[in-house]
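S.K.: For the sequence shown, position 39 (counting from the first letter as 1) is numbered 39 according to UniProt numbering, and the numbering increases by one without interruption.
Structure incoming, see below.
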Amino acid sequence: MLELLEPIAIFTHVARAGSFSAAARRLGISKSKVSTQVADLEHKLGVQLIQRTTRSLSLTEAGHLLYVQGEELLRDADQAVASVHNLNDATRGVLKVGISQSFGTMHIIPALPEFMARHPELELQVSLLDHKVDVVSEGLDLLLTMSEQLPLGMVARPLMKCQFMLLASPDYIARHGEPSKPEQLVDHNCLVYHGEWHEHSVWQFKRGDDYCEIGVSGNFRVDNAPALKSAAVSGLGVVYLASYLVEGEIEKGTLVPLLRDWQLTHHLPLQAVYPRRKHLAPKVSAFIDFIKNHIGTPPYWDKPYAELYAERR
């Protein structure tokens with residue numbers, strides 16, 4: 001049984017990475033060794049685990065079953081190591097973190113030198129992502145995501161909930177007027193986020209007991225939130241944006257809040273997502289705690305708008 005542990009681990013990395021070459025790079029061994037170990041494993045088990053073509057590979061039914069069990073095996077091994085490290089609260093090794101691209105660039109990357117200075121024995125590998133992420137297959141220890149969907153087998157720790165603002169440039173307002181109620185947005189050019197998995201073209205508003213959803217339209221859709229902000233600053237239309245994107249635009253006067261007495265109720269939480277484990281590795285826990293403290297409560301970017309949010313209650 002012991003002689004099967006290494007090839008099962010190697011096979012699991014192949015299935016996770018989707019190729020022999022990628023698995024070899026992640027493991028730091030030769031491609032030929034990876035291929036030999038998988039072939040030997042198939043021989044010893046008496047089943048085909050991987051269907052190979054010149055351009056791709058796929059798992060057989062037996063391969064998929066072993067992959068699921070292999071992931072459990074690797075997680076158990078990680079937990080065993082983490083539990084030992086927890087004895088002296090060591091924060092070392094490699095930490096692989098995925099972060100939503102726009103949020104990470106603006107608010108996480110600038111804070112990382114401080115985190116690295118606190119943990120000099122830690123190597124940090126960051127991926128800025130703009131696609132739907134599989135934490136396990138991409139080999140991540142942790143994902144910071146704005147997605148509300150929690151993958152199977154994952155744990156999500158909420159870090160904060162985004163506030164939203166309705167905004168337009170002074171130039172746009174001068175040319176088209178300022179809406180006084182949400183229903184008037186149907187007469188305005190609204191800039192819409194249109195991604196692979198989601199289109200935010202129904203905007204939600206609440207004031208006291210009043211609630212409404214407005215289907216909006218316009219001549220500009222894009223799958224990048226900072227690009228929406230840039231288009232709004234340029235005077236193209238009205239935008240419904242998360243406050244973390246606004247930076248100093250309101251202070252500079254390049255964007256003006258609209259419908260100030262209405263609360264924008266679109267739900268977008270920032271969550272730390274990681275595989276379900278009995279013992280969370282100290283490096284993962286340290287990173288989550290650091291990010292939560294860095295963001296603060298309320299988030300530091302919302303503090304200049306405390307008066308605006310108070311008007312909505």
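A virtual CB, placed ideally from N, CA and C, is assigned to each residue, including glycine.
Keep in mind the model is a prediction, meaning the values are calculated, not measured.
#1: Quick test of your reading: Thr206 and Asp141, contact by CB under 8 Å. State the CB separation rounded to the nearest angstrom.
#2: By the three-class DSSP mapping on this structure, what secondary structure does Glu146 have?
#3: Among His13, Gly248 and Ala232, which residue has its Cα nearest to the Cα of Leu73?
#4: Is it the case that the region 161–174 contacts the region 242–252, given that we only count it when at least three CB pairs across the two stretches are under 8 Å?
#5: Which same chain residues, not among the five before or five after Ile108, have their C-beta less than 6 Å away from its C-beta?
#6: Per DSSP, Gln101 forms a beta bridge with which residues?
#7: So for Ser285, helix, strand or coil by DSSP?
#8: For chain D, find out if any of its Cβ atoms is closer than 8 Å to the Cβ of Ile29; answer yes or no.
#9: If you draw a straight line from the alpha carbon of Leu87 to that of Glu42, how long is it in whole angstroms?
#10: Considering just the uninterrupted stretch of the alpha helix (DSSP H) at Gln204, what are its terminal residues?
#11: Within 10 angstroms of its Cβ, does Ile8 collect 16 or more other Cβ (buried), or is it exposed?
#12: Identify whether Lys181 lies in helix, strand or coil by the three-state DSSP scheme.
#13: Mind reading off the beta-carbon distance from Thr254 to Ser169? Whole number of angstroms is fine, and I expect it under 8 Å.
#14: Does DSSP classify Gly93 as helix, strand or coil?
#15: Alpha carbon to alpha carbon, how far is residue 319 from Leu57?
#16: Out of Glu247, Thr36, Phe11 and Thr91, which one is the CA nearest neighbour of Gly63?
#17: Nearest-angstrom Cα distance between Ile295 and Val284?
#18: Give me, in chain order, the residues of the same chain whose beta-carbon lies closer than 6 Å to that of Pro182; leave out the 5 immediate sequence neighbours on both sides.
#19: Buried or exposed: which applies to Val155, given that a residue is buried once 16 or more other Cβ atoms fall within 10 Å of its Cβ?
#20: Do you know offhand how far residue 314's Cα is from Leu159's?
#21: Just the Cα atoms here: how many angstroms apart are residue 334 and His267?
#22: Enumerate in chain order the residues of its own chain whose CB-to-CB distance from Ser203 is below 6 Å, with the five nearest sequence positions on each side excluded.
#23: Report all residues from its chain with a CB closer than 7 Å to the CB of residue 318; omit the five preceding and five following residues, and keep chain order.
#24: Decide if Thr53 is buried, meaning its Cβ has at least 16 other Cβ atoms within 10 Å, or exposed.
#25: Taking just the CA atoms, how far does Arg25 sit from His176?
#26: Could you spell out the range, first to last residue, of the alpha helix (DSSP H) harbouring Leu228?
#27: Go to Ile214, then tell me how far its beta strand (DSSP E) extends in each direction, as first and last residue.
#28: Taking the C-alpha atoms as reference points, what is the distance between Glu123 and Ala286?
#29: DSSP state of Leu191, grouped into three classes?
#30: Give me the Cα-Cα distance between Asp210 and Ser180, rounded to the nearest whole angstrom.
#31: Under 8 Å by Cβ, that's how I've got Gly237 and Gly218 pegged, so tell me the actual separation to the nearest angstrom.
#32: Using only alpha-carbon positions, find the residue among Ala232, His198, Tyr193 and Gly208 that is nearest to Asn224.
M.R.: Taking the structure as given:
#1: For the purposes of this step, residue 206 is taken as the residue at position 206 of the sequence shown. For the purposes of this step, residue 141 is taken as the residue at position 141 of the sequence shown. Residue identity check: residue 206 is Lys in the sequence provided, not Thr. The Cβ separation is near 38 Å, so there is no contact.
#2: Position 146 of the sequence shown, counting from 1, holds the residue named residue 146. A quick correction: the sequence has Met, not Glu, at residue 146. In the structure shown, Met146 sits in coil (DSSP, three-state: anything other than H, G, I, E or B).
#3: Taking the first residue of the sequence shown as 1, we reach residue 73 at position 73. The candidate whose alpha carbon is nearest that of Leu73 is His13.
#4: Counting Cβ pairs under 8 Å, three or more are found: they touch.
#5: Within the sequence shown, the letter at position 108 stands for residue 108. Same-chain partners within the cutoff: Ile99.
#6: Locating residue 101 in the sequence shown gives position 101, counting from the first residue. Residue pairing by DSSP leaves Gln101 without any beta bridge partner.
#7: Along the sequence shown, read from residue 1 onward, the residue named residue 285 stands at position 285. In the structure shown, Ser285 sits in a helix (DSSP, three-state: H, G or I).
#8: Annotation note: the requested chain D is absent from the structure, which comprises a single protein chain.
#9: Within the sequence shown, numbered from 1, the residue matching residue 87 stands at position 87. Within the sequence shown, numbered from 1, the residue matching residue 42 stands at position 42. Because the pLDDT of Leu87 is 42, which lies under 50, any placement of that residue in the model is unreliable, and the question is left without a value.
#10: The residue labelled residue 204 in the question sits at position 204 within the sequence shown. Not the alpha helix (DSSP H): Gln204 falls in the beta strand (DSSP E), residues Val202 to Arg207.
#11: Taking the sequence shown and counting its residues from 1, one reaches residue 8 at position 8. Burial state of Ile8 is buried, judged by a 10 Å Cβ sphere holding 16 or more other Cβ atoms.
#12: The residue you call residue 181 lines up with position 181 of the sequence shown. Here Lys181 sits in coil by DSSP.
#13: In the sequence shown, counting from the first residue as 1, residue 254 sits at position 254. In the sequence shown, counting from the first residue as 1, residue 169 sits at position 169. About 6 Å separates the two Cβ atoms, so the contact holds.
#14: The count along the sequence shown starts at 1 and reaches residue 93 at position 93. For Gly93, the three-state secondary structure derived from DSSP is strand.
#15: Residue 319 cannot be examined here, being either before or after the span of the chain that is shown, 1 to 313.
#16: Locating residue 63 in the sequence shown gives position 63, where the first residue counts as 1. Nearest of Glu247, Thr36, Phe11 and Thr91 to Gly63, Cα basis: Phe11.
#17: Locating residue 295 in the sequence shown gives position 295, counting from the first residue. Locating residue 284 in the sequence shown gives position 284, counting from the first residue. Taking the straight line joining both Cα atoms gives about 17 Å.
#18: What you label residue 182 is simply residue 182 of the sequence shown in a count that begins at 1. Excluding sequence neighbours, Pro182 sits near Phe205, Cys212 and Ile214.
#19: On the sequence shown, residue 155 is found 155 positions in, with the first residue counted as 1. If you draw a 10 Å sphere on the C-beta of Val155, you find fewer than 16 other C-beta atoms in it, and that means exposed.
#20: Lying outside 1 to 313, the shown extent of the chain, residue 314 is not represented and no answer is given.
#21: Nothing about residue 334 can be read from this structure; the chain reaches only from 1 to 313.
#22: Here residue 203 refers to the residue found at position 203 of the sequence shown. For the record, residue 203 in the displayed sequence is Trp; it is not Ser. Cβ neighbours of Trp203 beyond the five flanking positions: Ile214, Val216 and Tyr240.
#23: With the chain covering 1 to 313 only, the question about residue 318 has no answer from this structure.
#24: As a first step, residue 53 is located in the sequence shown; it is residue number 53 there, counting from the start. By the 10 Å Cβ count, Thr53 comes out exposed.
#25: As a working mapping, residue 176 is identified with position 176 in the sequence shown. As a working mapping, residue 25 is identified with position 25 in the sequence shown. Roughly 56 Å between the two C-alpha positions.
#26: Taking the first residue of the sequence shown as position 1, residue 228 is located at position 228. Its alpha helix (DSSP H) spans residues Ala225 to Val233.
#27: The residue given as residue 214 occupies position 214 in the sequence shown. First-last of the beta strand (DSSP E) with Ile214: Asp210 to Gly215.
#28: What you label residue 123 is simply residue 123 of the sequence shown in a count that begins at 1. What you label residue 286 is simply residue 286 of the sequence shown in a count that begins at 1. Glu123 and Ala286: Cα-Cα distance of roughly 13 Å.
#29: Position 191 of the sequence shown, counted from the start, is the residue given in the question as residue 191. In the structure shown, Leu191 sits in a strand (DSSP, three-state: E or B).
#30: Sequence index remark: in the sequence shown, residue 210 carries index 210 (1-based). Sequence index remark: in the sequence shown, residue 180 carries index 180 (1-based). Each residue's CA atom was taken as its position, placing Asp210 and Ser180 some 15 Å apart.
#31: Looking up residue 237 in the sequence shown gives position 237. Looking up residue 218 in the sequence shown gives position 218. Confirmed, about 5 Å.
#32: By one-based count along the sequence shown, residue 224 stands at place 224. The shortest Cα separation from Asn224 among Ala232, His198, Tyr193 and Gly208 belongs to Tyr193.
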